[in-house]
Amino acid sequence: MATIRIRRNRRWNRSLAVDLLLFLALAGVGAFMVLPLLFVVSNAFKPLDEIFRFPPRFFVRYPTLRNFTELYYLLSSFWVPYTRYIFNTVFIAVVGTAGHVILASLAAYPLAKRRFRGRGALFTIVVLSLMFSGHVTAIPNYMTMSWLGLLDSYWAVIIPALGSSLGLFLMKQFMEQMVPDALLEAARIDGCSEYRILWRVVMPIVKPAWMTLIIFSFQGLWGAGGTGKIYIYSEQLKTLDHALGQILAGGIVRTGPSMAATLLMISVPIAIFIISQSNVIQTMSTSGMKD
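Using my numbering, you'd call the opening residue of the sequence shown number 2 and step up by one each time.
Written as structure tokens, this is what we have:
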């Protein structure tokens with residue numbers, strides 16, 4: 002009995018030590034990953050002399066809101082009202098995200114739950130398309146938008162985002178794993194159409210998947226200033242990211258407002274992620290699992 006107790010105590014101590022080491026390791030990695038975000042927040046509230054201090058300080062010593070007031074006056078001095086930039090950014094992000102989620106769900110449902118010829122080949126094409134970065138498809142996308150006559154409009158940025166294969170892949174995998182076929186058969190026996198099954202039965206079950214897709218899509222479109230520069234020429238149609246980029250290009254004098262602008266640009270995607278982070282974690286933990 003004494004030997005068994007000793008072995009149990011050793012096993013318990015070893016497990017506790019491993020758990021403690023894992024906790025410390027994860028806490029260290031988490032703290033390291035959040036350092037850049039803390040540095041951005043700290044810099045946004047630093048006065049100019051603290052920003053250029055050498056050696057630099059990580060945390061602000063005398064916080065001030067002067068960077069934000071200067072940013073407001075700079076944006077107000079543009080010949081296009083800054084509210085126009087905000088409207089353009091919100092319109093592109095909201096419409097592009099909603100359209101991406103709807104189209105990805107409509108395309109993923111038959112790939113996940115219907116059997117038809119060429120289904121495997123179509124999904125292979127979707128998987129292969131994930132390997133191409135946006136830089137590779139930039140020229141074909143530009144030529145397509147030119148042929149459609151959509152250059153210098155919101156749709157030149159929105160339509161390429163609607164066809165992103167990442168959303169289709171994510172929704173298909175989640176529908177295939179989480180939605181039981183017996184539930185769909187029961188809905189068909191009750192007389193539900195396929196569209197009603199998709200929106201009333203399937204979509205509530207895969208809520209974590211489309212919440213994750215909303216975050217990815219919104220984040221990509223919110224900071225789509227680089228893509229917008231390619232497709233949009235009119236100043237009235239450019240996004241907030243473009244306007245803040247002009248402030249960043251203003252030189253050393255605008256360093257303080259540029260720090261405040263950086264904080265404002267990242268705050269919206271971070272706020273959306275914080276609101277829906279539980280759904281994202283659930284999606285990541287269930288992807289790749291089968292019944």
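Where is the CB? At the ideal position from N, CA and C, for every residue including glycine.
In terms of residue numbering, what span does the alpha helix (DSSP H) encompassing residue i cover?
{"i": "Q237", "result": "Premise fails: Q237 is in no alpha helix (DSSP H) and is neither H nor E."}
{"i": "A272", "result": "256–276"}
{"i": "Y83", "result": "83–114"}
{"i": "L123", "result": "120–130"}
{"i": "D50", "result": "49–52"}
{"i": "G246", "result": "241–249"}
{"i": "R62", "result": "No alpha helix (DSSP H) holds R62; DSSP gives it neither H nor E."}
Return the Cβ separation of residue i and residue j in integer angstroms, given the expectation that the two are a contact with Cβ distance under 8 Å.
{"i": "L152", "j": "Y86", "result": "Not quite, the Cβ-Cβ distance comes to about 20 Å (not below 8 Å), so this is no contact."}
{"i": "F175", "j": "V128", "result": "In fact, because the Cβ distance is near 15 Å, the residues do not count as touching under 8 Å."}
{"i": "A45", "j": "M204", "result": "At roughly 39 Å, the Cβ-Cβ gap does not stay under 8 Å, so A45 and M204 are not in contact."}
{"i": "L72", "j": "A262", "result": "6 Å"}
{"i": "Y83", "j": "A244", "result": "7 Å"}
{"i": "I93", "j": "I159", "result": "6 Å"}
{"i": "L75", "j": "P258", "result": "6 Å"}
{"i": "A188", "j": "V202", "result": "5 Å"}
Assign residue i to one of two classes, buried (16 or more other C-beta atoms within 10 Å of its C-beta) or exposed (fewer than that).
{"i": "T98", "result": "buried"}
{"i": "S106", "result": "buried"}
{"i": "D242", "result": "buried"}
{"i": "E51", "result": "buried"}
{"i": "L22", "result": "exposed"}
{"i": "I190", "result": "exposed"}
{"i": "S218", "result": "buried"}
{"i": "M172", "result": "buried"}
{"i": "F117", "result": "exposed"}
{"i": "M179", "result": "buried"}
{"i": "T4", "result": "Its pLDDT being 48, under 50, T4 is placed unreliably by the model, and nothing is read from it."}
{"i": "G29", "result": "exposed"}
{"i": "G119", "result": "exposed"}
{"i": "H101", "result": "buried"}
{"i": "W223", "result": "buried"}
{"i": "L168", "result": "Reading the sequence as shown, one finds Gly at residue 168 and not Leu. Burial call: buried."}
{"i": "P37", "result": "exposed"}
{"i": "L265", "result": "exposed"}
{"i": "D20", "result": "exposed"}
{"i": "I275", "result": "exposed"}
{"i": "G221", "result": "buried"}
{"i": "Y63", "result": "exposed"}
{"i": "A32", "result": "exposed"}
{"i": "P161", "result": "buried"}
Check whether the Cβ of residue i lies closer than 7 Å to any heavy atom of the ligand PLP, and answer yes or no.
{"i": "S43", "result": "In the structure shown, the ligand PLP is absent, as is every other ligand, since no ligand is present at all."}
Just list the alpha helix (DSSP H) runs in the stretch 136–189, keeping only unbroken ones of 4 residues or longer that don't cross its boundaries, in chain order.
139–149, 156–163, 166–179
Give, in chain order, every unbroken run of the alpha helix (DSSP H) that is at least 4 residues long and sits entirely within the stretch 200–233.
208–223, 226–232
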